[in-house]
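*Asks:*
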Amino acid sequence: MLEVAGLACVRGDRKLFSDLSFSLQAGELLHLHGHNGSGKTTLMRTLCSLVRESAGEIRWQGESIHKLGEEYTREVLYVGHKNGIKDDLTGVENLRVSSALDGNPVSRERAWEALEQMGLRGHEDLPSRVLSQGQKRRVALARLLLNRSRLWVLDEPFTALDVAAVDFLQSIIQRHVESGGMVILTTHQEVRITREQVKELRLGWKEDGRV
Amino acid sequence: MLEVAGLACVRGDRKLFSDLSFSLQAGELLHLHGHNGSGKTTLMRTLCSLVRESAGEIRWQGESIHKLGEEYTREVLYVGHKNGIKDDLTGVENLRVSSALDGNPVSRERAWEALEQMGLRGHEDLPSRVLSQGQKRRVALARLLLNRSRLWVLDEPFTALDVAAVDFLQSIIQRHVESGGMVILTTHQEVRITREQVKELRLGWKEDGRV
Amino acid sequence: MFSAFRTLLGRDLLLAMRRRSDLFTTLFFFVIVVSLFPLGIGPEMNTLRMIAPGVFWVAALLASMLALERLFAIDYEDGALEQMLLTPQPLSLLVLAKVLAHWLVTGLPLVLMAPLLGLQYDLSSEALGVMVVSLLLGTPALSLIGAIGAALTLGLRGGGVLVSLLVLPLYIPVLIFGSGAVEATASGLGGQGHLSMLGAILVLSLLFAPLAASAALRISAE
Amino acid sequence: MFSAFRTLLGRDLLLAMRRRSDLFTTLFFFVIVVSLFPLGIGPEMNTLRMIAPGVFWVAALLASMLALERLFAIDYEDGALEQMLLTPQPLSLLVLAKVLAHWLVTGLPLVLMAPLLGLQYDLSSEALGVMVVSLLLGTPALSLIGAIGAALTLGLRGGGVLVSLLVLPLYIPVLIFGSGAVEATASGLGGQGHLSMLGAILVLSLLFAPLAASAALRISAE
Amino acid sequence: MSSRFINWFKFSSPATFYPLAGRMVPVFSLIAAALIAVGLYMSFFVAPTDYKQGEGYRIIFVHVPAAWMSMFIYLVMAFWAALGLVFNTRLSGMMTRALAPTGAIFAFLALWTGAFWGKPMWGTWWVWDARLTSELILLFLYLGYLALQGAIDDNRRADRAGALLVLVGVVNIPIIHYSVKWWNTLHQGASVSISSGSSMSAIMLWTMLIMALGFWAYTIAVALSRVRSIILEREADTTWVQELAEVRS
Amino acid sequence: MSVAEFFNMGGYALYVWGSFGATALLMVIEPIMLRSYRHNVLRRISRLARIKAEERV
Ligand code: HEM
Ligand SMILES: Nc1ncnc2c1ncn2[C@@H]1O[C@H](COP(=O)(O)OP(=O)(O)OP(=O)(O)O)[C@@H](O)[C@H]1O
Ligand SMILES: Nc1ncnc2c1ncn2[C@@H]1O[C@H](COP(=O)(O)OP(=O)(O)OP(=O)(O)O)[C@@H](O)[C@H]1O
Ligand SMILES: [Mg+2]
Ligand SMILES: [Mg+2]
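Encoded structure:
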């Protein structure tokens, strides 16, 4: 499905990685490793077509993602370092807006339910401004419960989450992979993910990785 | 040294905790536990006198911290969710400015050295804007190496750090405690800290904690 | 597709409502600028009448320029912009929704307020009418053109002055035709020609500005 | 203690240099406002000479007011303000350092630019002199007074309008004495009285504004 | 067909363009010096005194070429900008960047000389007439472009953002040119046109054209030499730059 | 035509020489600035190259 060939990325005057090639099939999870500043975030943003690659190509079902444009972005769900939620909207409103923009509007009840599943019961209609760090992250991640994209790109999704939430998120990711989705993930925390379909990729080591 | 008696904190219309009492002596570490939104950040900011308590008192060497004013803030070092570094300054500049404001100016070389210890070699004179999430966190934490405050208040210091940096930070904390400092800490990650002098405090459980 | 347009429009209006005061920032600025002049210049009606079109249009231009900073900046900082880029919607449509919301919040109140303020300057009702029409045609064009500048300077610290520098040259024609229309009417010549130029500028910017702004957003979001 | 003052002053100036364009934002705004008026009003020298003091002072006031938003906001957002509150330094001294840096970056260039722009309006050299002196006394007072407003509205979304609302009533006396001084000189009466009033305002705000602003900061930082 | 294509892209690589530009700079400098010298001689000693404007009209020999260049350079920049956005070639961004300062200088000169001409002819340095205003806007566009380049550290982003800005501003060029036709203004209408011959005396026309060509050659020389420095700056860590004779010494 | 007459330009001296002078000035300054720009770039790159060479040793 997703194929990466000869990818390189330059930031300022430093080459973060070059000649990176791998591919990802339905039902696989790619776990990115690398120390701070090794270029994980940059790679993920490149895969989402947010950053332009300096060389190489990224293909989705055989087509270049830049050609596909919105057909590709429909398939991608990205959660980055920033939560992308509006401080002045409540959790429910945030969730409904982002789902509608993602192309599948959901009802108030459905959104409410998703937030409750994420453990935000009783906080659904507070403005996100007053939520704690971890609660904001939960609101952002509630999108995962409603989304129909096939490729999830999650940049350190576990930060700020407490143990219960980390467990729950892991189970969601696992369910997505088992039902034929794809996940690209990075985290510095030690997490257990089902070992079967996991690929690993290390950035920033001497010989830049190939899976 | 630090005594807390009958502390309560109300946010909006919810009582986060009430009647909280504990004390912390030189050479002790207090590990705060609690699920997302249980009030850890709020408690820490209260202890730093950034947030006013709704009830109760916080005493430092027997005196109310509000009376002590700058005498107390001299003893406190707080690293919060926000890094408090300037995007447009380089790591070295950031570090020197914050040390000077903390009352102990350091030389260029000393700052440079501290950043190198934090694993930022080769990134010392990039504007912090272009650093990765973890690298920014490292710049913020480099203050710990230069500071002479006795009480460290660290709110999830390990987020965004990679394994090597987490280990290093742990060793710094341990050294501080062993040399008679005090640390108040919260983290959702599982970290090993020397078990001897560690106190634990749980927020957000049915009966709000007492150490 | 249009549901996305409506959602985004609704969201931005809702946000403006929540912040409430945002609704008034630009309007208030406009009112201050227009009202401070009689204070600083003195109350002679003849002078005032003469400078009125200039004052009103300069004030509108400044108000619109200052509001630009907030057009995309908050979305950029909290990451909502990244998410917008990754939706399966044509980006220029989303940009159009944001600009429309922005104009409804910052431009429209100003247009509605203008006739009231015009009374201070002793303008004839005819001149007032033309002023409202010219503002109604001109301010959306300002917002659209400004969106390009705002998108280009996103995330550049101190973008404020850059936005002004980039956007001002494109604003000047609007200013000239806008105040020209009012002046021409006040002095008895018809403002027709000026108004139709404003209309043409509006149509052109409706066609091209969203495209240019969305291209600029893609560049800036890297 | 004074080393902290110097460090903070140095840091803010360095930041302004780094962003470079920030240095010019306010200045540029001032230049635009002052220069757009002849454009909108027409080039009759008599009218222009008459409205000059008003235009200059209104422009200076607006420029100073707009710059306020950035006085503490960035520090607040990136957490540097929390850290400032936790330093063992008297907060009002730090506030004074920040305000001084802010004035050096936004106010002083404007004062220096004023005589050049005055030429456009055909002002006499005497009137220009008084204008510079009045701005030199007035703009620091504006920055100091504004700091209180900026501190009070910190973190309130859409603080912009609130700042204006809070600060404007306190700004108006400065505006009146400032433009009054220039006008009086231009029309042959001395501007002495007005200038000494400005001086008094400056001294008062130097004494009280840092205290009030630092109290406001403590409240807003919660 | 395809071989020509390959050739094109070869020259769009900085490594091959750099020495090529190096060879072209002295050639065009010489041409520029010669043409401008001839042009200056003709403008002061050959061209006759104008019966209406006296000697003052001689400003035309710098004013018009400068005004033309300011517009033409912008069009060339727009061409490179479009090329850069479509084909993503590195060189085009550098060319756009190299042309901008020279364009800004000519726009400034057109304004300056126009003002110095307007004072004796119209009795005022400046009026807000359509052509004058649009030329001022052109200067602002140049300055805006340069400021934007200065504000972005990342070269790729700077190139692409700059290209977009240049393309947006290109609407201004026809406005400058046709403004005298669309609005009745103080400014002279077109005095050089292809269809109806020329309304100026032939000698004045020739002088103007020679000056214009001289300015052309000057622009090419300056822009090429600037692009060489830009190439060096941006490709500093490539091996071909580090092996250059001028870097080694 | 005397030299003085030539420089007087039939009373338009200020305007004619103001225009030609400004043009000449800018067209001389620009190449000079370009030369110093190139000089700076070369010096910076040479230093970079030297540092790199030293590191390799
Ligand atoms: C600041 C004032 C002025 C500016 C900004 C200005 C600008 C320009 C521009 C941009 C052009 C090129 C137009 C084109 O080729 O499409 C031009 C051409 C010309 N200008 Fe000016 N001008 C100014 C003042 C004057 C004055 C005062 C005169 C004479 C009284 C004058 C006479 C001419 C002539 C004869 C041409 C050539 C017309 C043509 O061939 O199209 N200009 N000017
Ligand atoms: N303009 C620039 N100049 C030099 N280096 C840059 C520039 N922009 C980015 N970088 C470098 O690129 C890297 C960015 O890495 P990225 O954010 O992708 O890291 P990451 O692997 O996600 O790290 P983390 O684990 O800390 O999130 C950093 O090392 C940063 O210093
Ligand atoms: N104005 C308010 N109205 C209602 N609740 C509020 C208000 N302000 C804050 N809160 C609540 O206070 C709590 C803030 O907790 P705090 O940020 O201290 O949590 P935390 O323990 O640090 O959590 P985390 O682990 O996610 O960082 C949240 O549950 C939030 O919902
Ligand atoms: Mg990262
Ligand atoms: Mg917290």
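Chains as they are written, first to last, in this note's numbering: chain A, 1 to 211; chain U, 1 to 211; chain E, 1 to 222; chain W, 1 to 222; chain R, 1 to 249; chain Y, 1 to 57.
C-beta: ideal position from N, C-alpha, C; glycine also.
Quick caveat: nothing in here was measured; it's all calculated off a predicted structure.
1. Distance, Cα to Cα, A:R108 vs E:T7?
2. Name the chain Y residues that come within less than 7 Å of R:R58, Cβ to Cβ?
3. Restricting to Cα atoms, I'd like to know which of W:L68, W:L36 and W:A67 is closest to W:F56.
4. Is there a C-beta anywhere in chain W that falls below 7 Å from the one on E:L36?
5. Mind checking R:W122: buried by the 16 CB within 10 Å criterion, or exposed?
6. Does DSSP put A:A8 in a helix, a strand or coil?
7. Is U:T159 close to chain A, meaning its C-beta is less than 7 Å from at least one C-beta of that chain?
8. Given the structure, does A:Q189 come close to ligand 5, in the sense that its CB is under 6 Å from one of the ligand's heavy atoms?
9. For R:A47, which residues from the same chain have a beta carbon less than 6 Å from its beta carbon, with the 5 sequence-adjacent residues on both sides left out?
10. Which whole-angstrom value is the C-beta distance of R:F61 and E:P169, which I expect to be below 8 Å?
11. Within the 7 Å Cβ cut-off, does E:S223 reach chain W?
12. Would you give the residue range spanned by the beta strand (DSSP E) that A:H252 belongs to?
13. Since I believe W:L9 is in contact with W:A101 (beta carbons under 8 Å), could you give me their beta-carbon distance rounded to a whole number of angstroms?
14. Can you name, in chain order, every residue of its own chain whose Cβ lies under 7 Å from the Cβ of U:H123, other than the five neighbours on each side?
15. If you follow the beta strand (DSSP E) that U:Y78 is part of, which residue opens it and which one closes it?
16. Return the first residue and the last residue of the alpha helix (DSSP H) that R:W216 is part of.
17. Give me the residue from R:D237, R:W80, R:G114 and R:L75 with the minimum Cα distance to R:V64.
18. Going by Cα to Cα distance, which pick from R:A151, R:Y218, R:T133 and R:A161 is closest to R:I173?
19. Which residues does DSSP pair with U:W152 in a beta bridge?
20. Against U:V76, what residues of chain W qualify as contacts under a CB-to-CB distance less than 8 Å, listed in chain order?
21. Quick one: what's got a C-beta closer than 7 Å to U:D102's C-beta in the same chain, skipping five residues either side?
22. Could you work out which residues of chain W lie near U:S98, taking near to mean beta carbons separated by less than 9 Å?
23. Check whether the Cβ of U:G122 sits closer than 6 Å to any heavy atom of ligand 2, and report yes or no.
24. If I'm right that E:T26 touches E:T106 with Cβ under 8 Å, what's the distance once you round it to whole angstroms?
25. State yes or no: is the beta carbon of W:S220 nearer than 7 Å to at least one beta carbon in chain E?
26. Taking Cβ-Cβ distances shorter than 9 Å, what residues in chain E pair up with R:L141?
27. Return helix, strand or coil for U:G223, following the three-state DSSP convention.
28. Relative to the alpha-carbon of W:I32, which residue among W:L104, W:Q120, W:L15 and W:W103 has its alpha-carbon at the smallest distance?
29. Can R:L91 and R:P14 be called in contact, C-beta distance under 7 Å?
30. Taking 7 Å as the CB-CB limit, is W:L14 close to chain E?
31. Beta carbon of W:L123, beta carbon of W:A52: below 7 Å?
32. Can you list, in chain order, the residues of its chain whose CB lies under 7 Å from that of W:T231, leaving out five sequence neighbours each side?
33. Could you pull out every residue in the same chain whose Cβ sits closer than 8 Å to the Cβ of E:S3, ignoring the five residues on either side in sequence?
34. Say yes only if the C-beta of A:K40 is nearer than 6 Å to one or more non-hydrogen atoms of ligand 2, and no if none qualify.
35. Is there contact here, the stretch 3 to 17 of chain U with the stretch 46 to 60 of chain A, by at least three beta-carbon pairs under 8 Å?
36. In three-state terms, what does DSSP make of E:S125?
*Replies:* In terms of the structure at hand:
1. As a position in the first sequence, residue 108 of chain A is number 108, starting the count at 1. As a position in the third sequence, residue 7 of chain E is number 7, starting the count at 1. About 14 Å.
2. The residue labelled residue 58 of chain R in the question sits at position 58 within the fifth sequence. Within chain Y, the residues near R:R58 are V16.
3. Locating residue 56 of chain W in the fourth sequence gives position 56, counting from the first residue. Looking at the Cα atoms, W:L36 is the closest of the given residues.
4. Position 36 of the third sequence holds residue 36 of chain E. Judged by the 7 Å Cβ criterion, E:L36 is in contact with chain W.
5. Numbered from 1 along the fifth sequence, position 122 holds the residue referred to as residue 122 of chain R. Exposed.
6. In the first sequence, counting from the first residue as 1, residue 8 of chain A sits at position 8. A:A8 falls in the strand class under three-state DSSP.
7. Translated into positions along the second sequence, residue 159 of chain U becomes position 159. Yes, contact with chain A.
8. On the first sequence, position 189 is the one that residue 189 of chain A refers to. Outside the cutoff, so no.
9. Here residue 47 of chain R corresponds to residue number 47 of the fifth sequence, with the count starting at 1. Around R:A47: I203, M204 and T207.
10. As a first step, residue 61 of chain R is located in the fifth sequence; it is residue number 61 there, counting from the start. As a first step, residue 169 of chain E is located in the third sequence; it is residue number 169 there, counting from the start. Their Cβ separation, rounded to whole angstroms, is 28 Å, which puts R:F61 and E:P169 out of contact at 8 Å.
11. An answer regarding residue 223 of chain E cannot be provided, because it is not within the stretch 1 to 222 covered by chain E.
12. The requested residue 252 of chain A is not part of the displayed model; chain A covers only 1 to 211.
13. If you number the fourth sequence from 1, residue 101 of chain W lands on position 101. If you number the fourth sequence from 1, residue 9 of chain W lands on position 9. About 5 Å; that satisfies the 8 Å criterion.
14. As a working note, residue 123 of chain U is residue 123 in the second sequence. Counting only Cβ-Cβ distances below 7 Å, and skipping sequence neighbours, we find G91, L131 and Q135.
15. Within the second sequence, residue 78 of chain U is the residue found at index 78, counting from 1. U:Y78 -> beta strand (DSSP E) spans V76 to V79.
16. If you number the fifth sequence from 1, residue 216 of chain R lands on position 216. From DSSP, the alpha helix (DSSP H) with R:W216 extends over A202 to R234.
17. Position 64 of the fifth sequence holds residue 64 of chain R. The shortest Cα separation from R:V64 among R:D237, R:W80, R:G114 and R:L75 belongs to R:G114.
18. Numbered from 1 along the fifth sequence, position 173 holds the residue referred to as residue 173 of chain R. Looking at the Cα atoms, R:T133 is the closest of the given residues.
19. As a working mapping, residue 152 of chain U is identified with position 152 in the second sequence. Note: U:W152 sits in a beta bridge opposite U:L77 and U:V183.
20. To locate residue 76 of chain U, count along the second sequence from 1; it is residue 76. Under the 8 Å cutoff, chain W gives L86.
21. Stepping through the second sequence from its first residue, residue 102 of chain U is reached at position 102. Excluding sequence neighbours, U:D102 sits near N147.
22. Against the second sequence, residue 98 of chain U aligns to sequence position 98. By Cβ distance, chain W contributes A80, Q83 and T87.
23. On the second sequence, residue 122 of chain U is found 122 positions in, with the first residue counted as 1. No, the beta carbon of U:G122 sits no closer than 6 Å to any heavy atom of ligand 2.
24. Within the third sequence, residue 26 of chain E is the residue found at index 26, counting from 1. Within the third sequence, residue 106 of chain E is the residue found at index 106, counting from 1. With 8 Å as the limit, E:T26 and E:T106 qualify as a contact, their Cβ atoms being about 4 Å apart.
25. Position 220 of the fourth sequence, counted from the start, is the residue given in the question as residue 220 of chain W. No, no contact with chain E.
26. Taking the fifth sequence and counting its residues from 1, the one referred to as residue 141 of chain R is at position 141. In chain order: L166, P169 and L170.
27. Residue 223 of chain U is absent from the model: chain U starts at 1 and stops at 211.
28. Start at 1 with the first residue of the fourth sequence, and residue 32 of chain W comes out as number 32. Checked all of W:L104, W:Q120, W:L15 and W:W103; the closest Cα to W:I32 is W:Q120.
29. The residue labelled residue 91 of chain R in the question sits at position 91 within the fifth sequence. The residue labelled residue 14 of chain R in the question sits at position 14 within the fifth sequence. In this structure, R:P14 lies closer than 7 Å to R:L91 by Cβ.
30. Within the fourth sequence, numbered from 1, the residue matching residue 14 of chain W stands at position 14. It does not; no Cβ of chain E falls within 7 Å.
31. Translated into positions along the fourth sequence, residue 123 of chain W becomes position 123. Translated into positions along the fourth sequence, residue 52 of chain W becomes position 52. The answer is yes: Cβ separation under 7 Å.
32. Because chain W in this structure spans residues 1 to 222, residue 231 of chain W falls outside the shown range and cannot be described.
33. Against the third sequence, residue 3 of chain E aligns to sequence position 3. Excluding residues within five positions, none has a Cβ falling inside 8 Å.
34. Your numbering for residue 40 of chain A matches position 40 in the first sequence. It does: the Cβ of A:K40 is within 6 Å (strictly closer) of some heavy atom of ligand 2.
35. no
36. For the purposes of this step, residue 125 of chain E is taken as the residue at position 125 of the third sequence. Reduced to three states, the DSSP call for E:S125 is helix.
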